[in-house]
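Number 96 marks the last residue of the sequence shown (this note's numbering); no jumps.
Every residue, glycine too, gets a C-beta built ideally from N, C-alpha and C.
This report refers to the structure that appears directly beneath it.
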Amino acid sequence: MIIDFNLCTDENGAVVCRHCETTIGDSRSSPMNKALRHARPSVDAGPGIHADPALFVDRGIMLRQVSCPGCFTLLRTEIVPAEEPSYREWSLR
Ligand SMILES: [Zn+2]
């Protein structure tokens with residue numbers, strides 16, 4: 004089953020990269036448990052986000068990205084409050 008441009012499921016239900024066939028997640032309930040995760044200050048997101056978030060909010064803001072461990076294709080980017088415990092999750096039903 005094709006999930007999106009970068010991901011699909013294989014015959015065993017694992018989530019795999021469509022570019023390099025590396026397993027990203029063991030199952031539909033853990034679709035990204037093997038992905039690479041990076042967290043950095045939000046100002047690293049690029050020229051569109053260059054202001055210090057402390058000028059606008061009291062909470063620390065982080066750039067979090069998820070990539071394929073095989074070919075490093077970027078799978079997800081989020082800019083979120085730093086104290087949020089983990090990446091937002093999605094599941095396949
Ligand atoms: Zn890949």
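Under 7 Å, do residue i and residue j count as touching if we go by C-beta distance?
i	j	result
residue 66	residue 85	no
residue 71	residue 20	yes
residue 16	residue 30	yes
residue 58	residue 9	no
residue 76	residue 22	yes
residue 69	residue 42	no
residue 25	residue 63	no
Which class does residue i belong to by DSSP, given the choice of helix, strand or coil?
i	result
residue 38	coil
residue 46	helix
residue 56	helix
residue 12	strand
For residue i, is the classification buried or exposed, using 16 other Cβ atoms within 10 angstroms of its Cβ as the cut-off for buried?
i	result
residue 45	buried
residue 27	buried
residue 18	buried
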